[in-house]
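See structure below.
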Amino acid sequence: MTSLSTPRCTLVGAGPGDPELLTLKAVKAITQATVLLVDDLVNDAVLEHASPTARIIHVGKRGGCASTPQAFIHKLMVQAVHAGEQVVRLKGGDPFIFGRGGEEVEHLRAAGIDVQVVNGITSGLAGMSSLGAPLTHREHAHGVVFVTGHAKPGDTGTDWTLLAHTAQQAKLTLVIYMGVNSLAHISQGLLQGLPARTPVAVVQNASLPTQRQALCTLGDMVDTMNREDLQSPSIIVVGDVVQGARAWASQANVPELKTQPRALQA
Ligand code: SAH
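Counting in my numbering, the sequence shown runs from 37 upward without gaps.
Here it is, written out as structure tokens:
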């Protein structure tokens with residue numbers, strides 16, 4: 037139980053980029069905030085909802101330093117809450133899908149702060165939807181795995197071969213976040229358990245006007261990403277559901293889906 041006097045902080049999901057994908061609750065929290073701590077992948081357009089008097093602190097790479105240490109972000113949040121500010125921690129996508137939202141909540145709660153969480157649309161959902169395809173399908177995929185390609189330093193990371201076998205047997209779609217820098221390693225592991233012909237979609241800057249994407253197969257994923265120069269932030273979707281994106285591309289008369297779908301429809 038929390039009382040009215042319990043200090044509060046709200047973790048808000050800013051969605052994948054398109055400001056129209058914000059929830060009404062997110063807009064309300066942003067509007068009411070007196071202090072906003074903003075992550076790298078949050079689109080600045082989202083901040084148009086903030087009060088002109090609110091203090092906006094960028095705590096990602098754009099904030100000036102290489103990347104604000106997590107401990108410093110924790111300290112800033114706790115200080116601002118104890119100073120009586122209405123603190124909103126704005127995170128890209130959903131606050132609880134990667135991006136260390138869980139650690140922030142634990143830290144705030146340990147400091148006696150009540151935390152509320154406002155969900156955002158995670159980039160893994162937005163990426164695939166922007167290609168007109170689902171992540172699950174009665175014929176092709178019984179479930180979805182959201183998995184990170186970036187292991188914590190010192191951690192062995194995901195066993196990609198094991199994951200590939202599981203995905204193959206259980207008919208699961210793999211949605212890989214933060215995979216660009218370890219692509220060769222990921223591809224090598226996945227190819228031990230999934231056929232090289234498995235369809236893959238890579239979507240960079242999902243939901244933004246700068247969105248770019250490519251459809252390929254697991255076997256030529258690394259070459260395609262290099263050739264198309266697809267960079268971070270990108271979502272990589274592996275599985276038969278990607279056939280839906282191919283179908284959409286052929287219907288929309290797009291031989292190879294490399295440019296923004298909305299622009300092509302215009
Ligand atoms: N909490 C975020 C994920 C943070 S981890 C979410 O729910 O979306 C950061 C990774 O998310 C990036 O490396 C990339 O894989 C993915 N990502 C975030 N925004 C993206 C976007 N607009 N398009 C494609 N991938 C994105």
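Backbone N, C-alpha and C define an ideal beta-carbon position, used for all residues, glycine too. Since the model is a prediction, treat every value here as computed from it, not as a measurement.
For secondary structure counted as the alpha helix (DSSP H) over 4 or more consecutive residues, the segment 73 to 121 holds these complete runs in sequence order: 106 to 118. Take the alpha-carbon of Ala187 and the one of Glu142: they are about 20 Å apart. The residues Gln106, in chain order, have a CB closer than 8 Å to that of Arg136 in the same chain once the five nearest residues on each side in sequence are set aside.
For Ala281, the shortest C-beta to heavy atom distance toward the ligand SAH is 7 Å or greater. With a contact defined as Cβ atoms closer than 8 Å, Ile212 and Val274 qualify at about 7 Å. Secondary structure at Gly280: helix, using DSSP grouped into helix, strand and coil.
Set against 7 Å, the gap from the CB of Leu244 to the closest heavy atom of the ligand SAH is smaller. Residue pairing by DSSP places Gly160 opposite no residue, since no beta bridge is assigned to it. The DSSP-derived three-state label of Ile212 is strand.
Taking Val216 as reference, the option from Gly255, Ile272, Gln122 with the minimal CA-CA separation is Ile272. Assignment of Ile133 by DSSP, reduced to helix, strand and coil, places it in the coil class.
With a threshold of 16 other beta carbon atoms within 10 Å, Ala242 meets it and is buried.
Between Ser270 and Val236, the C-beta gap is not smaller than 8 Å, which leaves the two residues out of contact. With a 10 Å radius around the Cβ and a threshold of 16 neighbouring Cβ atoms, Lys127 comes out buried. Taken in chain order, the complete beta strand (DSSP E) segments of 3 or more residues contained in the segment 232 to 281 are 235 to 240, 248 to 253, 270 to 274. The distance from the Cβ of Gly168 to that of Gly280 is about 7 Å, consistent with a contact at the 8 Å cut-off. Counted as a single uninterrupted DSSP element, the stretch harbouring Lys188 is not any beta strand (DSSP E), since DSSP gives it neither H nor E. Leu226 is positioned such that its CB atom lies no closer than 8 Å to that of Ala206. Cβ-Cβ distances below 6 Å link Thr70 to Ala90, Glu121, Gln122 in the same chain, with the five nearest sequence neighbours on each side left out; the list follows chain order. Using a Cβ-Cβ distance cut-off of 8 Å, the segment 247 to 263 and the segment 148 to 160 are not in contact, since fewer than three pairs of beta carbons, one from each stretch, lie closer than that value.
Cβ contact annotation for Gly148 (same chain, cutoff 8 Å, sequence separation greater than five): Thr42, Pro43, in chain order. Annotated as proximal: Asp276 and His176, with beta-carbon spacing under 8 Å.
Residue range 44 to 49 is occupied by the beta strand (DSSP E) that includes Thr46.
At least one heavy atom of the ligand SAH lies less than 7 Å from the C-beta of Asp130. In the structure shown, Ala177 adopts extended strand secondary structure according to DSSP, grouped into three states. Closer than 7 Å to some heavy atom of the ligand SAH: that does not describe the Cβ of Pro105.
The straight-line gap separating the alpha-carbon atoms of Leu210 and Ala203 is approximately 7 Å.
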